[in-house]
Amino acid sequence: MEPIKVTKWKSFRLRDLWGFILCLSMVLSPTFETQAANKKKVALVMKALTNPFFSTMESGAKKYAQQENIPLEVFGTERETDVERQIGIVENLISRGFGAIVIAPVDSKKLVPICAKALEKNIAVVNIDNPLHKETMAQQSLSIPFVGSDNHTGAKLVGAYIKKKLNGRGRVIIIEGIRGVENADQRKAGFIEAVTRDSEISVVATGSANWHTDEALSLTVDLLRLHGLVDAILCANDKMAIGVLQALDLMDLTGKVLIGAYDNIEEVRNEMRNGRIHATVEQHPELMGQYGVQLAWQALNGNKIPKFTSTSLDLLTHETFGKKIALFISHLENPFFKSLYQSTQAAADLFGMDLVVSDAQNGDARQLSAMMNTVQAGVSVLVVNPANSHTIVPGIELANEKKIPVITVDRKCAGGEIVCHIESDNIKGGKMAGEALVRYLGGQGRIIEIEGIPGTSAAQERGMGFNQVIWEHSQMKVVARETAHFDRKRARETMLRLLQTGVDFDAVFAHNDNMILGALEAMESVRYTLPRILIGFDAIREAVRAVEQGKLTATIAQRPERMGRLAIQSAARILRGEQLPSEIPVELELIEK
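The sequence shown begins at -14 in our numbering and counts up one residue at a time.
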């Protein structure tokens, strides 16, 4: 009987064991499946989600992830001092098997070990906003890509502005962020360097408010009671600047102390409109979020990514808020000028300016009339993209009489006093197109050139540069030169007419992308066997896609979005009383497949 008992017992244990294994597999199976799904996810881990700076960062990251169909989850802490909470978030993400982590660390040193643990688990890590401590990473032989702005440089922008407002003399207080955190330390150092260099300004006190409004309020009250009235207070973030302003209100010192800040949150922008806060720095957190997710996704998919990706900095000051800026643009239906306008509008919004826009629709008389009316009504700065370089001169001269500064963009003006001209080198761009044709045709061939609007600097200079190159090659010849006024429809009609004449050609160069796309449409409409070379100018989105598809050979990029942004940045500098260079160049690039 004993063997039977043993057999039954063994049978029972075996059946029980298989049941346990089955139950365990049912429990663990979803976990394994979840971890497998998380391997293709990116996590964005930020500081306090209540801070508008990080809300903007989140928006930039989510917008990019949605556009590119990237699985993204966002996490954050309640306060910017909550180191343990952020470490716990990353620990949880590691256990859940996320493929990539983008982190804006609460503490530059204390977050290094958990980031190292993530890397050990083959999780891609990208550091944004606040740099992890270099020496601490070096001790663990870590290399983590960083996306962000130069906090030292940004603080120097504010410090230099305050120094100029104080005429190099005075007493200042600095309200720091969390001590030992990289961006807080860099901003403090930048402030001090800028205000004290070659000046008689003294820093009478510094103190940490840990990025928080309430702590900045109480700290400011204590420091002012201890050191007396000062001329300026520099704050390492906007939330603390609000606390400083509250302290000044309580002590009846509002308007007697300049306030410099950092981050450009909406609450500070409202105070700048009222002249109660004087300067802040925009470091584009939306780009930090976007670039962080972009690089993390690339790394997750096995691509090599750069160690450092920079985001731009803008000094914003109260002088620009509420100022009216007039933009005169040649034709908004042209994608190039539409892009220029959109970037100008976005920059004007950033600087708190009111942008008044006039579209000439390529009518030079219309543009002159609009300019005359606007100048008489009064604006702070004119930004002019001439429909015709000569016709617009009386409008420029009237602005000169009224002491209204004028900035020209893309196309030059033939007369009047211009403070600053922003453009790409159109002669150089024309040469780039010519050199590309020479290379593609092997130094011999027959070319059709489609010109822009006669009298505009862009048409003249692009044609000049292009033909200088062609004339150097005896076996290359322009067999037809037609004017299509930068217009797509006219270029299509011109090309159809040329095709009907039976002209023999190997290549077409058009002075802008609208016209080369019009020429392409004409050839496709009659099923003409395309020539080997079609080159445009401007790198509008549709033309770049056509290059990628092999329909166009190349286009010259001259970055209208950068021109618009530079125009507003220049207007802001004028309003601050700064000197500008007479010309600001925008680099060109040949876009080819």
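Backbone N, C-alpha and C fix where the C-beta goes; we use that ideal spot for every residue, glycine too.
- In its chain, beyond the 5 residues on either side, HIS137 have a beta carbon closer than 7 Å to the beta carbon of ALA174.
- If you draw a 10 Å sphere on the C-beta of LEU335, you find 16 or more other C-beta atoms in it, and that means buried.
- Note on PHE38: 16 or more other CB atoms within 10 angstroms of its CB, so buried under the neighbour-count rule.
- Selection ASN497, ARG558, PHE490 and ARG431 evaluated against THR441 yields ASN497 as nearest (Cα-Cα).
- When only Cα atoms are considered, ILE244 and LEU219 end up about 6 Å apart.
- When DSSP states are grouped into helix, strand and coil, LYS292 belongs to the coil group.
- With a contact defined as Cβ atoms closer than 8 Å, ALA89 and ASP114 qualify at about 4 Å.
- For the options ALA528, GLY487 and VAL529, the alpha carbon positioned closest to that of THR514 is the one of GLY487.
- DSSP places CYS405 within a strand segment (E or B) once states are collapsed to three.
- Per the Cβ contact rule, the stretch 248 to 262 is not in contact with the stretch 181 to 193 (fewer than 3 Cβ pairs under 8 Å).
- Taking a C-beta distance under 7 Å as the contact criterion, VAL463 and ILE432 qualify as a contact pair.
- If the five residues before and after MET417 are omitted, its C-beta is found closer than 6 Å to the C-beta atoms of ILE541 and LEU575, all from its own chain and listed in chain order.
- Restricting attention to GLU69, ARG550 and ARG558, the CA atom closest to the CA of LEU312 is found in ARG550.
- The beta-carbon separation of ALA179 and LYS141, rounded to 4 Å, stays under the 8 Å limit for a contact.
- Inter-segment contact for the stretch 333 to 352 and the stretch 363 to 373 is present: three or more beta-carbon pairs are separated by less than 8 Å.
- When DSSP states are grouped into helix, strand and coil, LYS462 belongs to the strand group.
- Distance from the CA atom of GLY274 to the CA atom of ILE455, rounded to whole angstroms, is 46 Å.
- In this structure, ASN411 places its C-beta atom within 7 Å of the C-beta atom of GLU446.
- DSSP places ASN112 within a strand segment (E or B) once states are collapsed to three.
- Here GLY277 has VAL87, VAL111, ILE113 and VAL132 as same chain residues with Cβ atoms under 6 Å from its own Cβ, once five neighbours each way along the sequence are excluded.
- Sequence-distant partners of VAL511 (beyond 5 residues in either direction) whose C-beta falls short of 8 Å from its own C-beta, in its chain, are LEU481 and LEU484.
- Counted as a single uninterrupted DSSP element, the alpha helix (DSSP H) harbouring GLU69 occupies residues 68 to 80.
- Across the structure, ARG477 and MET508 are spaced so that their CA atoms are roughly 8 Å apart.
- Pairing LEU202 with ALA232 gives a Cβ-Cβ distance under 7 Å.
- For PHE83, the closest alpha carbon among the candidates ASP92, PRO56 and ILE72 is that of PRO56.
- The beta carbons of ARG156 and VAL215 sit closer together than 7 Å.
- Sequence-distant Cβ neighbours of ILE381 in its own chain, meaning closer than 6 Å and more than five residues away, are VAL391, CYS398 and GLY401.
- The beta carbon of LEU317 sits closer than 7 Å to the beta carbons of LYS323, TYR326 and ASP344 from its chain, once the five residues preceding and following it are set aside; these are given in chain order.
- The C-beta distance from VAL229 to ILE160 rounds to 6 Å, short enough to meet the 8 Å contact threshold.
- Annotated as distal: LEU340 and ALA331, with beta-carbon spacing of 7 Å or more.
- Looking at the DSSP output, GLU577 shares a beta bridge with ALA539.
- Shortest Cα-Cα distance from ILE108 to any of HIS118, VAL91, ILE129 and GLU120 involves ILE129.
- When the beta-carbon positions are compared, PHE451 and GLY430 stay at least 7 Å from each other.
- Counting only the Cα atoms, ILE407 lies some 6 Å from PRO570.
- Shown here for HIS118: same chain residues with a beta carbon closer than 8 Å to its own, the five before and five after excluded, namely SER93, LYS94, VAL97 and GLU167 in chain order.
- DSSP, reduced to helix, strand and coil, places LYS241 outside both helices and strands of the structure shown, so it counts as coil.
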